[in-house]
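Participant:
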Amino acid sequence: MPKKLKAAAVSFLNAWPLTEGLKGSERIELVLAEPSRCAELLEAGEVDLALVSVAALERGEYEIVPGMAIGADGPVQTVLLAGEQSPAIWDEVFLDTASRTSHILAKVVLDAMGVHPKFTPLPAADGLARARGTRGALVIGDRGFDVRANHLVDLGREWTHLTGLPMIFALWAARPGAVLPEDVQELTRAAQHGLGVRTELAQRFAAQKGGDPERYRRYLTQRIRYGLGPYELEGLEAFLARAADKGFLRRMELRFVDDVVHRPRARRTLSLDAALASAAEGGRLSPEQAEGLDEKAPLLELGLAADARRRALHPGDLVTYIVSRNVNYTNVCTTACHFCAFYRPRGHREAYVLDREELTRKIDETVALGGIEILLQGGLHPDLGIEWYEDLFRWVKERWPAIALHALSPEEIWHIARTSQLPLGETIDRLVGAGLDSIPGGGAEILDDEVRRRIAPLKCSTDEWLAVMRAAHRKGLRSTATMMFGVGEEARHRVAHLLRLRELQDETGGFTAFICWPFQPGNTRLAPGDGSAHAYLRTNALARLFLDNVPNLQASWVTMGGGVAQAALHMGCNDFGQVMIEENVVSAAGTAFKMDGEEVERHIRDAGFRPARRNMRYQLQEARPG
Amino acid sequence: MLSPLAHRALERDGLGDVRDRVLSGERLSDADGLRLLEAADLAALGALANHVREARHGHLAFYNRNVHLNPTNVCVASCKFCSFARKDDQRASDGYTLSLDEAVGKVLSRRPLGITEVHIVSGLHPDLPFEYYTELLSRLRGAWPELGIKAFTAIELHFFAEKFGLSYQQVLTRLREAGLDTLPGGGAEIFAPRVRRKICDDKATADQWLEVHRTAHRLGIKTNSTMLYGHIERLEERVDHMRRLRELQDETHGFQVFIPLAFHPEHNMIGRAFPKPTGYDALRTLAVARLYLDNFDHVKAYWVSLGERLAQAALSFGVDDLDGTVLEERIYHMAGSTVPQALSEQTLHALIRAAGRVPAERDSLYRVLKVHETPQAVA
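If you're matching them up, the sequences are chains A and B in order.
In this text, residue positions in the first sequence follow my numbering: the first is 1, and each later residue adds one.
In this text, residue positions in the second sequence follow my numbering: the first is 1001, and each later residue adds one.
(1) Are the segment 595 to 613 of chain A and the segment 417 to 426 of chain A touching, with three or more C-beta to C-beta distances below 8 Å?
(2) Tell me the residue span of the beta strand (DSSP E) that contains Thr-512/A.
(3) Closest by CA to Ala-275/A, which one among Gln-554/A, Phe-514/A, Ala-297/A, Trp-172/A?
(4) Taking the alpha-carbon positions, what's the Tyr-628/A to Phe-248/A distance?
(5) Keeping to the same chain, check which residues put their C-beta closer than 7 Å to that of Arg-500/A; ignore five residues upstream and five downstream.
(6) Out of Glu-450/A, Arg-502/A, Glu-295/A, state which residue places its alpha-carbon closest to the alpha-carbon of His-534/A.
(7) Could you pull out every residue in the same chain whose Cβ sits closer than 7 Å to the Cβ of Asp-1181/B, ignoring the five residues on either side in sequence?
(8) Quick check on the DSSP output: the beta strand (DSSP E) that includes His-1119/B runs from which residue to which?
(9) Which residue comes first and which comes last in the beta strand (DSSP E) that contains Trp-172/A?
(10) Rounded to whole angstroms, what's the CA-CA distance from Ala-173/A to Tyr-219/A? Just pull it up for me.
(11) Just to confirm before moving on: does the CB-CB distance between Leu-1069/B and Lys-1106/B stay below 9 Å?
(12) To the nearest angstrom, how far is the alpha carbon of Ala-266/A from that of Ala-1049/B?
(13) For Pro-264/A, name the three-state secondary structure that DSSP assigns.
(14) Ala-607/A CB to nearest chain B CB: under 9 Å?
(15) Does Glu-301/A have its Cβ less than 9 Å from a Cβ in chain B?
(16) DSSP has Lys-1370/B in a bridge; who is on the other side?
(17) Which chain A residues are close to Leu-1005/B, counting only those with a beta carbon under 8 Å from its beta carbon?
(18) Rounded to a whole number of angstroms, what is the C-alpha to C-alpha distance between Ala-1103/B and Thr-1134/B?
(19) Ignoring anything shorter than 4 residues, give me the alpha helix (DSSP H) runs that lie fully in the segment 1162 to 1233 of chain B, in order along the chain.
(20) Take the Cβ of Gly-1356/B as the centre, count every other Cβ of all protein chains shown within 10 Å, and call the residue buried at 16 or more, exposed below.
(21) So, is the C-beta of Pro-230/A closer than 9 Å to a C-beta in chain B?
(22) State yes or no: is the beta carbon of Asp-273/A nearer than 9 Å to at least one beta carbon in chain B?
(23) Leu-95/A bridges to which residues according to DSSP?
(24) Taking 9 Å as the cut-off, decide whether the C-beta atoms of Gly-509/A and Ser-479/A are in contact.
(25) For the candidate residues Arg-430/A, Gly-114/A, Pro-611/A, Arg-130/A, whose alpha-carbon lies nearest to that of Thr-120/A?
(26) Can you confirm whether Val-600/A, when its beta carbon is compared against all beta carbons of chain B, has any partner nearer than 9 Å?
(27) Note down, in chain order, every chain B residue with its Cβ under 8 Å from the Cβ of Val-564/A.
(28) Leu-1175/B and Leu-1140/B - do their beta-carbons sit closer together than 9 Å?
(29) Is it true that the segment 1312 to 1320 of chain B meets the segment 1063 to 1077 of chain B, where meeting means three or more beta-carbon pairs spaced less than 8 Å apart?
(30) Taking Val-54/A as the reference, give the member of Phe-205/A, Ala-241/A, Gly-563/A with the closest Cα.
(31) Please report the distance separating the alpha-carbon of Gly-323/A from that of Leu-180/A.
(32) Please report whether the beta-carbon of Ser-1344/B lies at a distance below 9 Å from any beta-carbon of chain A.
(33) Identify each residue in the segment 551 to 575 of chain A for which the Cβ-Cβ distance to at least one residue of chain B is less than 9 Å, and report them in chain order.
(34) Could you tell me the alpha carbon to alpha carbon distance between Arg-610/A and Thr-1278/B, rounded to whole angstroms?
(35) Below 7 Å CB to CB, which residues in the same chain sit around Val-260/A once its five sequence neighbours on both sides are set aside?
(36) Roughly how many whole angstroms lie between the Cα atoms of Ala-1287/B and Glu-1117/B?
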C-alpha cells in the first residue's frame, strides 16, 4: 500500500457529504481545519489536497479533482448579505473573515447592483451586530442558517440570476501530480457514499448543533449541488473570469487531475463563445479573441462559424477555380530558406534559368489546355536585373496577349529593386509597363519578424513584404495573400500575421484572396512541423473569420489533397485554387497531389457545389456544367 | 453539448428533427440516414457525429499495433474491384502462396515490435487443404500465445465450408480450436443484390456473409464489419447495407466496429469506369455511420484507404479508431494506394494528438491496453 494521501477539509455541514466517506479510508487521511487554514496547508505542501474555496486556486498551480464540488444553482442559504436596510443604500459592508470566494462573490453581486460600498473585514458575529442603517454584513457557513435580518441577499440566487449559471464555491484542489486516478476513484466513492447518507448527516448535524434536521436535509439535497459537470464548469469559469476582469483574482487556466476518459472538455470561456457567435455574424474579431479561438476553439466550431461567413459572403453554391500554369523561371536563389527544397545556388549542376524555347512550350500547352494565366515565380537570382524581366514580360504579352501575368512575389520585386538600384515604386511601374497584371502573395510565410528571422533570415522583413504590397495596391494592382504556418510559430504569431494583412487590406483593399497551407516537411532542413489536416482546417477557418475584409479564401488542394480541400469548402473557402499544370516548389518537398480540370470539377461537385471558372481578379468567366 | 452554431446550422438545413432524435438517443430511420448522406453540409453533419462520438469515447482515439498477413493472392473469385487477386501462383502472373514456414516466420519476425494482433486474409485458393489454415493458426498460437489472431473474412469462411463440406459452425469451431480470436469484417462490399451481381457475383452472398457473422457471434467470436463504397452503389444501398448490419447487431451484439472502405480504382476492372471516391464522400459516410449505427461501439477510419490526412480529419467527424501500425499492407497498395505501408506508433500518436485527441492503444477485442496521456489538453 502506498503512503496515504493527506487531505484537508472544512467541517461545514455542506462538506460532510464529500468527507464522510473518507473516514477510515486506506488511501486518504482527512484533516479538518478552518477554510483559510485548508488553503494554507495546501500551499505549504503539508497536505496533498484540500477542499478549498475556489479563490484559493490562484495560490498555486493546483489540479482540480474532476467530477465533484460544492456549489449551488440558485439559492444557497449559507452565503448571505444581511442588513437592516436595503443593500441599495449600503456604504459599508463587513466581510466575514472566513472565505475569499464569498467576498469576491459579494463584490461581484453588489457591483452588478450598482452598489459600491467600502468593505471592512470583521468576524461575522460582530459584523452582524453592526449591520444597521447603511451598513451590511456578509455571513457565510452554518451561521447562515440562523441569520435574522430585514434584508437578506442570497448570493447563490443572485449569481444565478445574473449569469444563468451555477455558482461553485469549493472544490478539491491537489498539488500537481500528487493525486492518482485511483485516488480520484476513492474520492468519488467517498462522495457517492456521503451523498447517499445525507438524511443521516442532517440528523447528526442537528443533534450536534441544534436546529431542524428536515431543514438541513433539504439544504443538503436541494440547495447544494455536488456535481462538477460541463454546466458547473461553465459557472466556475464565468466566476473566475469576472473576478479577474474586476481585478479580484489573477487570471488562470483550470487544470484537472489527469483522468483522460472523464476529464471534462477543456471548456471555452463565455467570451470565446460570444466571439465565435459574433464572428459568425460578421463581427470583427480582436487579435486577443482570435488567439483564444486559435488555441481553444474546437475544429468544427471554427468550421461552422467560418461556413456561416462563407455563406453570407458568397451566397449560392458556386465554387470558383482558375486554369493557370505555374512557371518557375529559375531555381537559383540567394536566400537559402530553411524550409525550401526548391532552390539551388548559382553554379550548382541542377541550377537553371528557363530559356524562351522552354517557356514557349509551357505557355503554348497552357493555352491549349484553356489556361488564361501564367503564375510566374522564381528564386532571387543575383544576375537578373529589371531589364531581363521587362524583356520577358513584353515578349510574353506580344506573343500571347490574352494570357494574364500573375507574377513575382514581393520578395522578388524587392530583390529586383535592390539588384537594379531602383526605388520600389519605379520598379513596380516599369514591371506593370512591361505587362505585369497581378502579384502572387507568396513568400509571406509568417509575417512576424520573430519567426521570419528564425526560418528565413535572409528574406525580406515583414514591413518590406507589406511595403511592396502597399505600393502595388496603390498602383491598382491586385494581389493574393498567403500564410505558411506550422514552422514552430505560436498562435500569437499567426494572429499577428493575419492582423497585418487585415490592416493593409483596410488601407488598400488590394487583396483578392487569402491562401494558407502548412509547412510541408519532407526534403528540407526544418524539423517536421504540424503539417496536418486538422491544423490546416482550423487555421483556414480562423482566417475566414478574422479576415473580414478579404473577399475570397482558396482551398489548398495542392498541399492538402482533394479531400481535405473539400472539407475546407465547408469551413470557409469559396475557391478551389487552380488547375495546376505545374508546381515545382511544393512538389520538391514531397507533395504529390495532381488534378486536371475534370478532377477539380468532380471534387467541387461531389462536395455539393457548382464549379465555375474565374480570372485572377476573381471575376466569373464561365459557369461549368453542374 | 451541441453548440449553438451547430443547432443553428442543422435548423437551417432542415435537419432539426434528425438532430432531436440523435440528442434524445432515438434511433434514426433509413430515410434519416439518406437525408444525412444527401445533406451537403459537412460541418453541421460533422458536429452532430462528433457529439455522439465524444459522448461515447470522450477524446480517446484508438489504434493497435498490428501486422497484416496475406498467405496467398491466388483466388477463384473474380471481383471486379480487386487488384490483389491472381488466378494462379505462377511467378509470371505475380501469384504467390506462402509456405506455412514462410507465413509463420513472417509473423513471428515481428514479435520484437510489440505487435498485439495479426490480421490474416487471403484469396480463395483452389487447392490448399483446410489443414493449411488450421495449421497456420495453431502454429502461430503455439509460438505466440498472447497474439490476437484476427483471421479470414466471411467470404473465405463460406468458401471453406463449401469446399470442405463443413457447416459454418464446424469451420469456425475448428479454426477457433486452432487459435482464431476474431474475424475481420472484409468481403461485405455492398449487400444489395443489384450491386453484388455486378461487382462480385461469384462469391458469398449478403445473406451468407451475415450468416457467417451470426454464427461467429453465437459462438462468442467477436467480428468487424465493413462496407466498400464509392463505386456503382447508390446512396440508398449504403443505408440498406448499414441497416442489415444494425439489425444483426441488435440480434447478436457481436460486431465491434464498422469500417467504411473507399473503393480504390487502380489495376482492377471497374476502376476504369469509376474514379476514386473523394475525401468529402469519406467524411460524410463516416459521420452518417456514426449517427445511424447507434448499436455499434466503434467507427474506424482505415488510414491505409484514406491517407493519414483525411483519417486525421475524420477524428472530428465521428471516428474513434484509426486501425493500427499495419505492417505490410498489400491489398490497397496493389490498387494504387500511395500512403506508406506502415505507420510507426509515434507517427500515429502525433496524428492523433495534433487532432486534439488522446491516443489509446487497444487490443483485438477493443480492450484498452494503454492510454497515452497528452502532455497537455488540446481543444
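All C-beta atoms in this analysis are idealised placements derived from N, C-alpha and C, irrespective of residue type, glycine included.
Facilitator: The answer reads as follows:
(1) no
(2) Membership of Thr-512/A in the beta strand (DSSP E) is indicated by the continuous run 511 to 518.
(3) Ala-297/A
(4) Nothing about residue 628/A can be reported from this structure: the residues present for chain A run from 1 to 626 only.
(5) Leu-447, Thr-462, Leu-466
(6) Glu-295/A
(7) Gly-1148, Ile-1149, Lys-1150, Ser-1364
(8) 1117 to 1120
(9) 167 to 174
(10) So the two alpha carbons sit approximately 24 Å from each other.
(11) yes
(12) Low confidence applies to Ala-266/A: its pLDDT is 44, below 50, so where it sits in the model is not reliable enough to give any reading.
(13) Confidence at Pro-264/A is low in this model, with a pLDDT of 43, below 50, so its placement is unreliable and the value that follows should be read with caution. Coil.
(14) yes
(15) yes
(16) Glu-1361/B
(17) In chain order: Leu-276, Ala-277, Ala-280, Glu-301, Leu-304, Ala-305, Ala-308.
(18) 13 Å
(19) 1168 to 1178, 1193 to 1199, 1206 to 1218
(20) Result: buried.
(21) yes
(22) yes
(23) Residue pairing by DSSP places Leu-95/A opposite Pro-121/A in a beta bridge.
(24) With respect to the 9 Å criterion, Gly-509/A and Ser-479/A are not classified as neighbours on the basis of their beta carbons.
(25) Arg-130/A
(26) Interface annotation, Val-600/A: not in contact with chain B, CB-CB separation never under 9 Å.
(27) Gly-1279, Arg-1309, Leu-1310, Ala-1313
(28) No, the Cβ-Cβ distance between Leu-1140/B and Leu-1175/B is not below 9 Å.
(29) no
(30) Checked all of Phe-205/A, Ala-241/A, Gly-563/A; the closest Cα to Val-54/A is Ala-241/A.
(31) In the sequence on display, residue 323/A carries Val and not Gly. Approximately 59 Å, taken between the alpha carbons.
(32) no
(33) So the close ones are Met-560, Gly-561, Gly-562, Gly-563, Val-564, Ala-565, Gln-566, Ala-567, Leu-569, His-570, Met-571.
(34) 16 Å
(35) Residue confidence is low: Val-260/A scores 46 on pLDDT, short of 50, so the model does not pin down where it sits. Its coordinate-derived value is still stated next. Closer than 7 Å at Cβ, skipping near neighbours: no residue.
(36) 27 Å
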